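Chains as they are written, first to last, in the working numbering: chain P, 1 to 241; chain V, 242 to 482.
Number of protein chains: 2
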Amino acid sequence: MASKVSTPGSESSSVQDYVKTIYALSEWHDEPVTSSRLAARLSVANSSVSEMIRKLAELGLVNHTPYRPVELTADGRRLALAMVRRHRLIETFLVRDLDYRWDEVHDEAELLEHTVSDTFIDRLDARLGFPSVDPHGDPIPTAAGAITLPDALPLDSFDDGHSGRVTRISDEDPQLLRFLAAEDIGIGSPVEVLGRTPFGGPLRARVGTGTGARDFSFGKELTGAIWVESVGRHAGCSLVP
Amino acid sequence: MASKVSTPGSESSSVQDYVKTIYALSEWHDEPVTSSRLAARLSVANSSVSEMIRKLAELGLVNHTPYRPVELTADGRRLALAMVRRHRLIETFLVRDLDYRWDEVHDEAELLEHTVSDTFIDRLDARLGFPSVDPHGDPIPTAAGAITLPDALPLDSFDDGHSGRVTRISDEDPQLLRFLAAEDIGIGSPVEVLGRTPFGGPLRARVGTGTGARDFSFGKELTGAIWVESVGRHAGCSLVP
DNA sequence: TCCGAAGTTTCGGCATACCGAAAATATAGC
DNA sequence: GCTATATTTTCGGTATGCCGAAACTTCGGA
């Protein structure tokens, strides 16, 4: 029994936002999605989240027992991925065709994703050559709702001595993106973990290749936001699954 | 005392829509803008219009005495032109870059115009090469709010024997646009009025040049929707100012 | 086991924007 | 000038989505 909810349509912009945010909170980390995390991310009061979750459950988009975390149903996930697809295609378009910087696109896409039609998205997709990732390295779901997460981990989960390539950078904080752009660190940059300073100090790594290579100290915020794919063997990871 | 309302921002999407529609109803014809005309154009109940007009008056966007037609203030006109600019630039983009047909763009633009940022509009404008008209021949206001209406009149106001060039076609009815596209009549097409059939019958005109020229019968709907600029001397007009 | 802190839900209220029905006004015809 | 008709406004009422305050659950520590 395939559902109609493969494409946003009847759902309000708010419903779309909540569902997309529930997905986003569990896309890269699998901590439970609680009311308060949602409230913080959406900048609304806890009570608003509570009410909306009840509504989402009635719509069959989430499963929820009171006082417990919320989880997307298959329908909810389909809707979320449709919204993520919209968001990431729009971001890609803004950077490629309208000369937006990668730290500027998030807010604009956030608004547009609720407004454009399926036709618009399909034509944009074609015009951009069916891209598989957006400017931050986030994978773009297909029209059918399939998504392939890159085989990457946050920089802070790599052991000393291991090398890789930057695959994704969280777009949550525009300032962080601006900083990295200024430092010429972006998707595709090679990195090699040199070591860490004890007691929560920065992680030192070698960035770039050849003459462009240099040492760099990554603070907490950065090592969590920068995701790296191992080069060569698939070792070098110390994260518990 | 220049107002801040040169760019949409604080106004709700509804307010923007009402103000733009008030402008649109008086852009090409100067009949008074009444509640019922607004209600029909916006597909809402008369009572909703009445309430919104009071609000617009409070916001200083319209002048209104009860039971009389409504008129835009200078601020209202500025806001309306900003919205019209958005709408027409988006339409131009959809046709030029996303292969929309000219009959498909209106509804999409109607939604997007409320959502995109000023930055988006400015970059779009630059990318499109600062176009002066949209795909239907409607003039695009400048960022400063200036607009130049073409020196055109509806086809039905031309005397027999006069020639001109199609300058604008009202985009109100997508089916009409589709029909004209199929008949290969569009912006720039040369026309010469041959005569009219009595008792409200069609207007006969010669369309196109050289071997592509042919006679065509234009019904009421068409002669009101097709706007023509005189070629050569500025005669041939029988419309009362 | 029980208590308190932290997190979640319920409740009454607010703002926007819509509606239909009823009341108020304008205008055209006589 | 006066009334009938058409138009406009006012008046309750609805739906969505937000809020803060109060009530309620959960869960860890003593």
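Ideal placement from N, C-alpha and C gives every residue a C-beta, glycine not left out.
Given the structure is predicted, the values throughout are model-derived calculations rather than measurements.
Host alpha helix (DSSP H) of residue i (start-end)
i, result
"LEU279 (chain V)", "276-283"
"ARG309 (chain V)", "Per DSSP, ARG309 (chain V) belongs to no alpha helix (DSSP H) and is neither H nor E."
"GLU292 (chain V)", "287-299"
"PHE179 (chain P)", "174-182"
"VAL133 (chain P)", "Here VAL133 (chain P) belongs to no alpha helix (DSSP H), and DSSP marks it neither H nor E."
"LEU222 (chain P)", "220-225"
"SER13 (chain P)", "13-27"
Contact check, residue i vs residue j, beta carbons under 8 Å
i, j, result
"ILE381 (chain V)", "SER373 (chain V)", "yes"
"VAL432 (chain V)", "GLY402 (chain V)", "no"
"MET52 (chain P)", "TYR100 (chain P)", "no"
"TRP468 (chain V)", "ARG409 (chain V)", "yes"
"LEU353 (chain V)", "PRO249 (chain V)", "no"
"ARG196 (chain P)", "LEU203 (chain P)", "yes"
"SER267 (chain V)", "VAL274 (chain V)", "yes"
"SER276 (chain V)", "VAL290 (chain V)", "yes"
"LEU396 (chain V)", "PHE459 (chain V)", "yes"
"ARG86 (chain P)", "VAL116 (chain P)", "yes"
"GLU229 (chain P)", "GLY164 (chain P)", "yes"
"ARG88 (chain P)", "LEU339 (chain V)", "no"
Alpha-carbon spacing of residue i relative to residue j, whole angstroms
i, j, result
"SER189 (chain P)", "GLY137 (chain P)", "12 Å"
"VAL303 (chain V)", "THR314 (chain V)", "5 Å"
"ALA57 (chain P)", "LEU38 (chain P)", "15 Å"
"ASP348 (chain V)", "ASP125 (chain P)", "20 Å"
"THR262 (chain V)", "LEU283 (chain V)", "8 Å"
"VAL166 (chain P)", "ALA182 (chain P)", "16 Å"
"ASP392 (chain V)", "ALA323 (chain V)", "22 Å"
"LYS4 (chain P)", "ASP75 (chain P)", "The predicted model places LYS4 (chain P) with a pLDDT of 40, which falls under 50 and marks its position as unreliable; any figure quoted below should be read in that light. Each residue's alpha carbon lies about 8 Å from the other."
"SER375 (chain V)", "LYS296 (chain V)", "Note on identity: in this sequence residue 375 (chain V) is Asp, with Ser being the wrong assignment. Cα to Cα, the separation comes out at about 31 Å."
"GLU71 (chain P)", "HIS64 (chain P)", "7 Å"
"LEU59 (chain P)", "SER13 (chain P)", "14 Å"
"GLU31 (chain P)", "PRO69 (chain P)", "10 Å"
"PHE399 (chain V)", "ALA446 (chain V)", "11 Å"
"ASP118 (chain P)", "THR450 (chain V)", "40 Å"
"VAL472 (chain V)", "ARG364 (chain V)", "35 Å"
"SER212 (chain P)", "LEU153 (chain P)", "Reading the sequence as shown, one finds Gly at residue 212 (chain P) and not Ser. Looking at the two C-alpha atoms, the distance is approximately 24 Å."
"TYR67 (chain P)", "HIS29 (chain P)", "21 Å"
"ASP171 (chain P)", "ALA143 (chain P)", "22 Å"
"ASP425 (chain V)", "LEU94 (chain P)", "34 Å"
"ARG77 (chain P)", "ASP414 (chain V)", "38 Å"
"ALA47 (chain P)", "ALA281 (chain V)", "As written in the sequence, residue 47 (chain P) is Ser, which differs from the Ala given in the question. Taking the straight line from one Cα to the other gives about 39 Å."
"ALA476 (chain V)", "VAL448 (chain V)", "Below a pLDDT of 50, predicted positions are generally treated as unreliable, and ALA476 (chain V), at 46, falls in that range; no measurement from the model is reported."
"GLY442 (chain V)", "LEU421 (chain V)", "19 Å"
"GLY386 (chain V)", "ARG96 (chain P)", "29 Å"
"VAL325 (chain V)", "ILE388 (chain V)", "10 Å"
Where residue i falls, given that 16 or more other Cβ within 10 Å makes a residue buried
i, result
"GLN175 (chain P)", "exposed"
"PHE371 (chain V)", "exposed"
"PHE440 (chain V)", "exposed"
"LEU149 (chain P)", "exposed"
"GLU11 (chain P)", "buried"
"THR464 (chain V)", "buried"
"GLU332 (chain V)", "buried"
"TYR264 (chain V)", "buried"
"HIS355 (chain V)", "buried"
"ALA225 (chain P)", "buried"
"ASP344 (chain V)", "buried"
"ALA109 (chain P)", "buried"
Boundaries of the beta strand (DSSP E) in which residue i is found, first to last residue
i, result
"ALA446 (chain V)", "444-448"
"GLU272 (chain V)", "Taken as a continuous stretch (DSSP letters only), GLU272 (chain V) belongs to no beta strand (DSSP E), as it is neither H nor E."
"LEU194 (chain P)", "190-196"
"VAL231 (chain P)", "Careful: VAL231 (chain P) lies outside any beta strand (DSSP E) and carries neither H nor E."
"ILE410 (chain V)", "404-410"
"ALA146 (chain P)", "Where ALA146 (chain P) is concerned, there is no enclosing beta strand (DSSP E), given that its DSSP letter is neither H nor E."
Whole beta strand (DSSP E) elements within the region 89-125 of chain P, 3-residue minimum: none
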